[in-house]
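Peer 1: This is the structure I want to talk about, given as structure tokens.
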Amino acid sequence: MRLPIVTYPDKRLKALSGEVTVFDALLHELLDNMYETMIASNGIGLAAIQVAQPIRALIINLPDEEGVQHSEATLEVINPRIEVVEGSTYYQEGCLSVPGFYEDVERHERLRLRYQDRFGNELLLEAEGLLSIALQHEMDHLDGKLFIEKLSYARRKKFEKEYKKNQKSKS
Ligand code: Y12
Ligand code: CO
Numbered sequence: 174m175r176l177p178i179v180t181y182p183d184k185r186l187k188a189l190s191g192e193v194t195v196f197d198a199l200l201h202e203l204l205d206n207m208y209e210t211m212i213a214s215n216g217i218g219l220a221a222i223q224v225a226q227p228i229r230a231l232i233i234n235l236p237d238e239e240g241v242q243h244s245e246a247t248l249e250v251i252n253p254r255i256e257v258v259e260g261s262t263y264y265q266e267g268c269l270s271v272p273g274f275y276e277d278v279e280r281h282e283r284l285r286l287r288y289q290d291r292f293g294n295e296l297l298l299e300a301e302g303l304l305s306i307a308l309q310h311e312m313d314h315l316d317g318k319l320f321i322e323k324l325s326y327a328r329r330k331k332f333e334k335e336y337k338k339n340q341k342s343k344s
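See the structure below:
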């Protein structure tokens, strides 16, 4: 089932999401619905809070070299903890909760992550490139942070101007 996406400036996006303690069918249904919602919206990453569920769960599905997203390539990340970070990189980010706005954001280039899968199994992941960036973007959602909060003062003003302009053109 496709779920409604919570968009800026909805206050729910500022919530600190709570640890997942129960790895049951309800969690699996939420993850499946998040996947359907993300793919239907042309997304590559989604955190549970973006569909109004304040739990520490996120999914990522990066396209292959031909730009195709395969369902079996979906990474489901529950209760992530970053252990080690290295380097710095910039990438033009977008977010399904901030539609129509893209901006360069600085992130760690590589990271090591401990997390759990949908069954509660503990896993370790070393990530770099786009996967590392996507993980950091989605993990920020778990702490109530949006990528626009990482922008410089000037770029944040640019965002606010564009946002107001878009709102006006809708009314
Ligand atoms: C690198 C940077 C950011 C991430 C986080 C995941 N972000 C997304 O999946 C964003 C997707 C997105 C899709 C949109 O829809 C279309 O392009 C059709 C969109 O909508 C508009 O711009 C109107 C906005 C964002 C992962 C890795
Ligand atoms: Co986002």
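Just so you know, we're using the numbering used here here: the sequence shown kicks off at 174 and counts up by one. We treat Cβ as the ideally placed atom computed from N, Cα and C, and that holds for glycine.
1. According to DSSP, simplified to helix, strand and coil, what is Asp313?
2. According to DSSP, simplified to helix, strand and coil, what is Ala225?
3. Looking at Ile228 and Met211, is the spacing between their C-beta atoms short of 9 Å?
4. So if DSSP puts Leu303 in a beta bridge, which residue, or which two residues, is it bridged to?
5. Ala220 by DSSP, collapsed to three states: which one?
6. Cβ-heavy atom distance between His310 and ligand 2 below 8 Å?
7. Secondary structure at Asp183, three-state DSSP: helix, strand or coil?
8. By alpha-carbon positions, which one of Pro272, Ser244, His281 ends up nearest to Val257?
9. Taking the alpha carbon of Ala300 as the reference point, which residue from Val193, Phe292, Tyr288 has its own alpha carbon closest?
10. Note down, in chain order, each residue of its chain lying with its Cβ closer than 7 Å to the Cβ of Tyr181, except the 5 sequence neighbours on either side.
11. Check this for me: beta carbons of Met207 and Ala230, under 9 Å apart or not?
Peer 2: Here's the rundown:
1. Along the sequence shown, one-based indexing puts residue 313 at 140. Of the three classes helix, strand and coil, the one that applies to Asp313 here is helix, per DSSP.
2. Walking along the sequence shown from the start, residue 225 turns up at place 52. In the structure shown, Ala225 sits in coil (DSSP, three-state: anything other than H, G, I, E or B).
3. Translated into positions along the sequence shown, residue 211 becomes position 38. Translated into positions along the sequence shown, residue 228 becomes position 55. No, the pair does not count as a contact, with Cβ atoms beyond the cut-off.
4. Sequence index remark: in the sequence shown, residue 303 carries index 130 (1-based). Beta-bridge pairing links Leu303 to no other residue.
5. Along the sequence shown, read from residue 1 onward, the residue named residue 220 stands at position 47. Ala220 falls in the strand class under three-state DSSP.
6. Locating residue 310 in the sequence shown gives position 137, counting from the first residue. His310: yes, Cβ under 8 Å from ligand 2.
7. Position 10 of the sequence shown, counted from the first residue, corresponds to residue 183. When secondary structure is reduced to three states using DSSP, Asp183 falls in the coil class, being assigned neither helix nor strand.
8. On the sequence shown, residue 257 is found 84 positions in, with the first residue counted as 1. Closest by alpha carbon: His281.
9. Along the sequence shown, read from residue 1 onward, the residue named residue 300 stands at position 127. Of the candidates Val193, Phe292, Tyr288, the one whose C-alpha sits nearest the C-alpha of Ala300 is Tyr288.
10. Taking the sequence shown and counting its residues from 1, the one referred to as residue 181 is at position 8. Ser270, Val271, Leu319, listed in sequence order.
11. Start at 1 with the first residue of the sequence shown, and residue 207 comes out as number 34. Start at 1 with the first residue of the sequence shown, and residue 230 comes out as number 57. In contact: Met207 and Ala230 (Cβ atoms closer than 9 Å).
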